[in-house]
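At position 206 of the sequence shown (counting the first as 1) the number is 205 in numbering that gives the first Met the number 0, and the numbers step up by one without a gap.
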Amino acid sequence: MHQITCGDSDLAATLDSAPGTTGLLIVSGGNEIRSGAHGGMAELARKIAENGFPVLRFDRRGIGDSSGPNAGFAGSRDDIAAAADFLCQKCPRVQKLAGFGNCDASTALALFQAELGLDGLCIANPWTIEQTGQEPDAPSPPSAAAIRARYWQRLKNPGTYADLLRGRINLAKLFSGLKKAAKKEEITPLALDLGEALANLEIPCELLIAEKDTTARAFMACWESARYARVTDKSNLALHSFDTASHGFADKESKAWLEKRLLEFLSKL
């Protein structure tokens, strides 16, 4: 384990060394530690490094083995910058550095890229939902787009109608859900900030989407809106999606897809 100085705090980090000249910085989303859920990010880093790309994972301040206060993803700019500098110091052969993050980590990478100076971004399931709690990374309710998608899946299932006839479905909850699903989607200030950041990106960027994930569906509602026209027209941005509900690409097929996409991106950078 390495220690990275960030202000008055120390960030815990793990470096998977490799001889390549392109490195990858993995930024954890939410309050997830650097190893990821069930060790998923540790496994991903190992496989990327086995293909010649050095990879650094770290716990931001207040998370896992790192000291200091947890300021949430919105306060993680200095953490990411310190980790990026550390990777380049430890791997002096690195000439290009890409960032990868999922959920709010991907949003942070996009928002702070102008100051981070990375050479490429792979951002998965970007977070666009405003917080409703007082704590950093507090849970937020699902978006109208996510609710619509969930109800559409249920309506396509013949068993839903059988359950309805047998009284197994709470009608009050059903009508409440349909009312929420019918709401006009409002693009949040965070989503607008993300859109502006993406529109101003001048480096290669791939957006990786888990098609059935709630967070991804909220982002796609923004992507398909007129407010994101400047983003979707950019030639340096590419969007790729995979048919999964796994937010963290945790199942076998999703893991393989994510690994392939990252390796292809790093190879072309």
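C-beta atoms are modelled at their ideal positions from N, C-alpha and C, and glycine is treated no differently.
For a quick check, are the C-beta atoms of residue i and residue j less than 8 Å apart?
i, j, result
"I3", "F57", "yes"
"I202", "N235", "yes"
"A12", "R33", "yes"
"V26", "G100", "yes"
"S8", "S65", "yes"
"L257", "L86", "no"
"L193", "P91", "no"
"L22", "G51", "Here residue 22 is Gly; the residue named in the question, Leu, does not match the sequence. Cβ distance not < 8 Å, so G22 and G51 don't count as in contact."
"T127", "A217", "yes"
"Q94", "L200", "no"
"A107", "L24", "no"
"L197", "A109", "yes"
"W222", "T231", "yes"
"D15", "A36", "no"
"I79", "N69", "no"
Compute the beta-carbon to beta-carbon distance between residue i and residue j, rounded to the nearest angstrom, for a pair I have assumed lies under 8 Å.
i, j, result
"C5", "R60", "6 Å"
"E205", "F264", "5 Å"
"F241", "E210", "7 Å"
"D118", "L238", "At roughly 20 Å, the Cβ-Cβ gap does not stay under 8 Å, so D118 and L238 are not in contact."
"E129", "L189", "6 Å"
"L115", "A97", "With a Cβ gap of about 11 Å, L115 and A97 do not count as contacting."
Classify residue i as helix, strand or coil using the three-state DSSP reduction.
i, result
"D192", "helix"
"E185", "coil"
"S266", "helix"
"D15", "strand"
"K233", "coil"
"E258", "helix"
"K251", "helix"
"T214", "helix"
"T4", "strand"
"I208", "strand"
"A225", "helix"
"A244", "coil"
"D9", "strand"
"L200", "coil"
"P135", "Only weak support exists for where P135 lies, its pLDDT of 43 falling under 50; the value from the coordinates is given anyway. Coil at P135, not helix or strand."
Quick check for students: name the residue ranges of the beta strand (DSSP E) that lie wholly in the segment 22–69, counting only runs of 3 or more. 54–57
Every unbroken alpha helix (DSSP H) within the segment 70–123, with a cutoff of 4 residues, ordered by chain: 76–89, 103–115
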